[in-house]
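Student: Before I ask anything, let me first share the structure, which is written out below as structure tokens.
Numbering (full-length UniProt numbering), first residue to last: 1 to 696.
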């Protein structure tokens, strides 16, 4: 029998696929890329029409020999890397390393690791898609031209060790621009008035919305006093009661960006962790006697398409578990946005019959949580709409109009399985209304509650909202969101406090320089247009080197101008009162990967450094010394005792300035969608109180 060698990217995937194939197949892993541009040099010959120089990756020599030996003993070789540009490039590089004829059908593609998918792929090999390879080469070369020429300029003009990348620079700009919006935001005062009204059915609340049928805005305390004076002796009467049936449609199954956003909101997972876990679920999990099976489809996709087979299985499951009312009249399909790759599917379970509860013993806690999210979202996407009865009551009093809203779920439909999470800054639904409110009914006023507010600036980005913004603006593609955010965090251009992202001083400096000397590099529209051109290359309508030439001409001019005109940027170190115990100099404050730290200005003669201890204004509950801000190895902020390691007290939550009024212990500030609250850290006390909102 002929022997076939199948080469995949990872050992986990190799293990999963092996169980579906006979002994005539050998499955090996390439461990990702085996050939790439060299790290020690740009690797792009600008003078030779941007020809890339590829070399075998250091440390992969033995693996290349092993794969070449296996290829010699095989009658047929199938390259089975991931079904995207990156995977196509890996297959192309493998073909060159193994000396394959790239005009032959040596490439197979599948979007889930199940027996039917693998069997079908084996039967339908194709040629390596040169257009996909060219699109990936173009991205790689563009990134090299920017990174390996712009970074040395920053070293010379600003500071050694800096780097600037094409997509990540735009991501840093987004964070910097948002911070600038917040800084420059001028709050506007406004007031609200809520009436507590009693009807025959009970007490309910209504908000003031209009005066003489015109939208009412109350901008000051004086205006509010006038409104209250007008309402002083007025009777409140129900003007209109409106009921309406509302149909709530389910969300489509996940694509890469929506999975990262929802996992961040519901599971508090970073995009990086989400994709790591999704990769594990895709490549295969050992299910005991069943062996290793891929549990979800390919997780780097921008398509919401669902296969007929998956729809049919979902229909049977819904009818069996929930009944006919929970299935729509027709199978539900969704339309992808923009230029999504419709050859791909949405992210879904490979079999809806593998319920999350049936997999509990085989998955880690986080694997199970993410799988449950994917499973529930997909199943809900195939279910019937939810029917919601909405009730609106309008109350008139002396020309003023108050409105109360409520909603009741009459039929849950897809909500029986899944409901999409809301961002913390999104408004929540109104509460309930008293029953049997009638038009023209007279109401008694229990209370009129006025409240001062100030408009708020846009919220800081979280990793989830930054992914959404990048997707909206066309910055990057599904495979780049997570690594881009990880890069800007690891390089110290953006810091994360809690869930919020803020630019560091270093990030601000880099973006300011790029805006002045390389405006196109950080221009959102320019970057999005470049992504569109990469899509055109993939579709075979645009030669990849044309894109590089068009980009590099103006970029080279900007480089030369910046080299000539850019002054050396002096980042002055702030001198502290801390004395270096080694040489007696006043230590200076420097910015590092994980924030600010103290360093001796006598470097390199004196290399003394120490953490910059910023006090939080609270004493350590263990030893009474000040608590300070610290950062973990991954850059996450926490709070610890200033005498560490003598005292090892730590808290991930901000210590409150006041002691617990009940036991005198340390309180911390907890934040949720309901606002801030103080919670005692003493487990025997359990004091917990909402923080009152202070009017500014």
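Cβ coordinates follow ideal geometry from the N, Cα and C atoms, glycine included.
(1) Please work out which residues of its chain come closer than 6 Å, Cβ to Cβ, to residue 549, disregarding the five sequence neighbours upstream and downstream, and give them in chain order.
(2) Assess, as a yes-or-no matter, whether the region 367–384 is touched by the region 396–408 under the definition of 3 or more beta carbon pairs within less than 8 Å.
(3) Between residue 181 and residue 454, which are expected to be in contact by the criterion C-beta below 8 Å, what is the C-beta distance as a whole number of angstroms?
(4) Kindly list the residues whose CB is nearer than 6 Å to the CB of residue 602, restricted to its own chain and excluding five residues on each side of it in sequence; keep chain order.
(5) What's the call for residue 600, buried or exposed, on a 16-neighbour Cβ count within 10 Å?
(6) In the DSSP output, which residue or residues are listed as bridge partners for residue 648?
(7) Is the region 498–518 close to the region 194–214, with three or more CB pairs under 8 Å?
(8) Can you name the start and end residues of the beta strand (DSSP E) that residue 237 belongs to?
(9) Per DSSP, what kind of secondary structure is residue 453 in: helix, strand or coil?
(10) Whole-angstrom Cβ separation of residue 378 and residue 352, contact assumed at under 8 Å?
(11) Taking the Cβ atom as the reference point for each residue, do residue 296 and residue 347 lie within a distance shorter than 8 Å?
(12) Mapping the DSSP letters down to three states, classify residue 641 as helix, strand or coil.
(13) Name the DSSP bridge partner or partners of residue 678?
(14) Ignoring anything shorter than 3 residues or poking outside the region 543–599, list the beta strand (DSSP E) runs there in chain order.
(15) Cα-Cα, which of 670, 683, 158 and 52 is closest to residue 690?
(16) To the nearest angstrom, how far is it from the Cα of residue 639 to the Cα of residue 609?
(17) Using 8 Å as the threshold, is the C-beta distance between residue 147 and residue 165 below it?
(18) Using 8 Å as the cut-off, can you tell me whether the region 215–233 makes contact with the region 405–422, which would need three or more C-beta pairs spanning the two stretches below that distance?
(19) What is the DSSP secondary structure of residue 88, reduced to helix, strand or coil?
(20) In angstroms, rounded to a whole number, what distance separates the CA positions of residue 38 and residue 480?
(21) Are the region 166–173 and the region 464–475 in contact at 8 Å, needing three or more beta carbon pairs?
(22) Closest to residue 272 by C-alpha separation, out of 365, 299 and 287, would be which residue?
(23) Is it buried or exposed for residue 318, if we count other Cβ within 10 angstroms and need 16 for buried?
(24) Starting from the C-beta of residue 144, find all residues in its chain whose C-beta is less than 7 Å away, skip the five residues before and the five after it, and write them out in chain order.
(25) Write down the C-beta distance between residue 179 and residue 503 rounded to the nearest angstrom, noting that I regard them as a contact closer than 8 Å.
(26) State the Cα-Cα distance for the pair residue 281 and residue 91, rounded to the nearest angstrom.
(27) According to DSSP, is residue 360 part of a helix, a strand, or is it coil?
(28) Only counting the same chain, and skipping five residues up and downstream in sequence, which positions put a Cβ closer than 7 Å to that of residue 526?
(29) For residue 115, collect the residues of the same chain with a Cβ closer than 6 Å to its Cβ; drop the 5 residues on either side in sequence, then sort them by chain order.
(30) Would DSSP call residue 204 helix, strand or coil?
(31) State buried or exposed for residue 309, treating a residue as buried only when at least 16 other CB atoms are found within 10 Å of its CB.
(32) Count the other CB atoms, across all protein chains shown, that sit within 10 Å of the CB of residue 382; report buried if there are 16 or more and exposed otherwise.
(33) Would a C-beta distance cut-off of 8 Å place residue 97 and residue 35 closer than the cut-off?
(34) Starting from residue 184, trace the alpha helix (DSSP H) in both directions and tell me its first and last residue.
(35) Can you list, in chain order, the residues of its chain with a C-beta nearer than 7 Å to that of residue 440? Leave out the 5 residues immediately preceding and following it.
(36) What span of residues does the beta strand (DSSP E) with residue 196 cover, start to end?
Tutor: According to the data block:
(1) none
(2) no
(3) Their Cβ separation, rounded to whole angstroms, is 16 Å, which puts residue 181 and residue 454 out of contact at 8 Å.
(4) 583 and 585
(5) buried
(6) According to DSSP, which records beta bridges pairwise, residue 648 is partnered with nothing at all.
(7) no
(8) 236–248
(9) Three-state result, residue 453: strand.
(10) 7 Å
(11) yes
(12) Residue state for residue 641 is assigned as strand, using DSSP reduced to three classes.
(13) 669 and 689
(14) Restricting attention to beta strand (DSSP E) runs no shorter than 3 residues, the region 543–599 encloses them at 574–579, 586–592 and 595–599, ordered along the chain.
(15) 670
(16) 20 Å
(17) yes
(18) no
(19) helix
(20) 21 Å
(21) yes
(22) 299
(23) buried
(24) 37, 42, 43 and 44
(25) 5 Å
(26) 22 Å
(27) Residue 360 falls in the coil class under three-state DSSP.
(28) 520
(29) 20
(30) strand
(31) exposed
(32) buried
(33) Going by C-beta atoms, residue 97 is nearer than 8 Å to residue 35.
(34) 166–184 is the extent of the alpha helix (DSSP H) around residue 184.
(35) 237 and 238
(36) 189–199 is the extent of the beta strand (DSSP E) around residue 196.
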